[in-house]
Every structure is written in structure tokens, then in C-alpha cells.
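The structure under discussion appears below in the form of C-alpha cells.
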Ligand SMILES: Nc1ncnc2c1ncn2[C@@H]1O[C@H](COP(=O)(O)OP(=O)(O)OP(=O)(O)O)[C@@H](O)[C@H]1O
Ligand SMILES: [Mg+2]
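Residue numbers (our numbering): 1026 to 1299.
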């Protein structure tokens, strides 16, 4: 996939709190659509938003099913006329929005997968999680959505990735990188147990591996570029993040070897060449 622009939309109104999720996402209206918005406020650090945007760009390059994303601009005027936004301490400026999927169900259940039209994306989501070190999808029931209209499984919520979520900085991310490659913890959590039934046949990861093989370091640099200034990503942090992701991409063969031992229905196939 070629590089693409992330649109920026103005928020017209606050609708409601989504009502679950530790980041307390907010449903907000733009001139185009409704967005589930994660904000910089009293509680949340900009790192959550950086994680989301970088992982979204990488997800699109790897053809991972994910709702569209926009950077959303919340004006001082909207904040001042919305008591809830004042109470939450939402800052004026740019925040992260995931396009609201109106008829969607979190809480993955096996019957949904019997009617899902994108089962081939399941191995892709699992490998993607290992690349971004996302251990928030294996047990957390809110981080896979089933789009009831399209009957598609969607990956959402990349706030708590890179092993330590919003807590990373230059030193921490370098340290995690140097620990080497391992799978996420609790690999056999509830969601993964359900998903692993669909990691079967000889070459379940072929689709995503084709996309991985097309990645270059320039593509990863692009994923980490154009982050809104007010999110405060430093040049040093940008550099270690590129190295972190690129190392895991370059060592995808190592990830696959580890996955092979944990995916009992993956029948074999050739691991050479990666
Ligand atoms: N694009 C979307 N369309 C519809 N619902 C969404 C969307 N994004 C998030 N949600 C809903 O909002 C909930 C919380 O969103 P999300 O998981 O991104 O937030 P979080 O605060 O990081 O969650 P967590 O508690 O898992 O860390 C999701 O479980 C889902 O029900
Ligand atoms: Mg979540």
C-alpha cells in the first residue's frame, strides 16, 4: 500500500462518553462522521495518542482490518461550551479519532467467527500484535470489534502497545528492544484461544508475510512521521521507535518460530525465506 494522508477534522460537538475503556474515549461528531476520540486531558498522556497513530499507519501497511482514523481538532470554543470536556480537562488542539462503527460488538464470541467474512485476517492480527508488542488484545475483551453490518472482525485500541503502553520513553523503549524478541505475555488468553483455531493449514501467515516483506525502513520512518507537534514526540523518541519496530520486522522469522510452537493447528509450511 502506498503512503496515505491522515485527515484532520474539526470537532463540531461532544455526544457522550463511550462508557468503557481505561482511556475513557469520547464519542464526538465531525463534519464527516462520528469518531471515538482519545484525548489529552487530566488523565491521559499524549503517548497513548502517539501509539495509536503510529500503529494505525503500520496496520494499514500490513492490511490489518481496522476502522479509519482521523486527527481531530477540538477548539477552545467547543471545550468552553461543553461542561464534560472542562471537567475532564480536555486540552484544545489535536487528538486521536477512530471512525465510529455504529453496529459493532466487542467481546469476541466463537459464533461471530462462524459468520465472519475476513477469517484470513486473524493470523495477520496475531503477527501484528507480536510486532508492536501488544499484550492488550489476548485477554482484553474490548479490543477486537465485530462489525455486524460488514461481518468483519476489526482490530482496535493500540494505546497500550510496545510492552509498557504509555510509559515508554527513549531509555525504556531501547531497553525493551535490547531484551530481544519474545511473544506477548498471556499468549493463550481468552481472545487468542478463540482466534488460534483459525491459525491453521500450511501457511496461515502468508498474507501478512507478503506485506511484511514489502516494508522498508523508509516505510517505518513514515509511520512515525507527521505526529502532531502538541503530542510532544521528541527526535530521540522517534529514532528509538523506528529502531524498535524495524528490529522486530527484520526478525519476523524469529517471531514465526516462536509462534509455531504456540499454534497447534498450524500444520507446517516452510519457514525459510523469512
Ligand atoms: N471505532 C470504534 N467504533 C465503535 N466502537 C469503538 C470504536 N473504538 C472503540 N470503540 C468502543 O470503545 C471501547 C473502548 O475503546 P478502546 O478499547 O480503544 O479504549 P481503551 O480505553 O484504550 O480501552 P482499554 O480499557 O481496553 O485500554 C471499545 O471496547 C469499543 O467498545
Ligand atoms: Mg480497549
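We put the CB at the ideal spot given by N, CA and C, even for glycine.
- Distances from the alpha-carbon of residue 1206 to those of 1158, 1074 and 1233 put 1158 closest.
- The alpha helix (DSSP H) runs lying completely inside the segment 1119-1173 and spanning 4 residues or more are 1135-1140 and 1146-1156, given in chain order.
- Counting C-beta pairs with one atom in each stretch, the segment 1272-1289 and the segment 1206-1216 have three or more that are closer than 8 Å, which means they touch.
- DSSP places residue 1081 in the helix class (H, G or I) of the three-state scheme.
- If you ignore the 5 residues before and after residue 1128, its C-beta comes within less than 8 Å of the C-beta of 1172, 1173 and 1174, all in its own chain and listed in chain order.
- Using a Cβ-Cβ distance cut-off of 8 Å, the segment 1082-1098 and the segment 1048-1062 are in contact, since at least three pairs of beta carbons, one from each stretch, lie closer than that value.
- Short of 7 Å from the beta carbon of residue 1262, and not among the five residues preceding or following it, lie these beta carbons of its own chain, in chain order: 1194 and 1195.
- Relative to residue 1081, the option among 1166, 1121, 1133 and 1037 whose CA is nearest is 1121.
- Taking a cut-off of 6 Å from the heavy atoms of ligand 2, the residues with a C-beta inside it are 1046, 1165, 1167, 1168 and 1182.
- The beta carbon of residue 1128 sits no closer than 7 Å to any heavy atom of ligand 1.
- In this structure, residue 1131 has its beta carbon less than 7 Å from a heavy atom of ligand 1.
- For residue 1039, the secondary structure class from DSSP, reduced to helix, strand or coil, is strand.
- Residue 1144 and residue 1213 have their C-alpha atoms some 19 Å from each other.
- Look at residue 1098 here: in three-state DSSP terms it is strand.
- Between the segment 1246-1265 and the segment 1136-1152 there are fewer than three C-beta pairs closer than 8 Å, too few to call the two in contact.
- Within its own chain, the residues whose Cβ lies closer than 6 Å to the Cβ of residue 1185, once the five positions on either side in sequence are excluded, are 1161, listed in chain order.
- Assigned with DSSP and collapsed to three states, residue 1277 falls in helix.
- Taking the C-beta atoms as reference points, residue 1037 is found no nearer than 8 Å to residue 1043.
- By the criterion of a C-beta distance shorter than 6 Å, residue 1146 is surrounded in its chain by 1090, once the five residues flanking it on both sides are discounted.
- Secondary structure remark: continuous beta strand (DSSP E) runs of at least 3 residues inside the segment 1043-1073, in chain order: 1051-1055 and 1059-1063.
- Residue 1190 counts as buried, since no fewer than 16 other beta carbons sit within 10 angstroms of its beta carbon.
- Taking 7 Å as the cut-off, one finds at least one heavy atom of ligand 1 near enough to the beta carbon of residue 1125.
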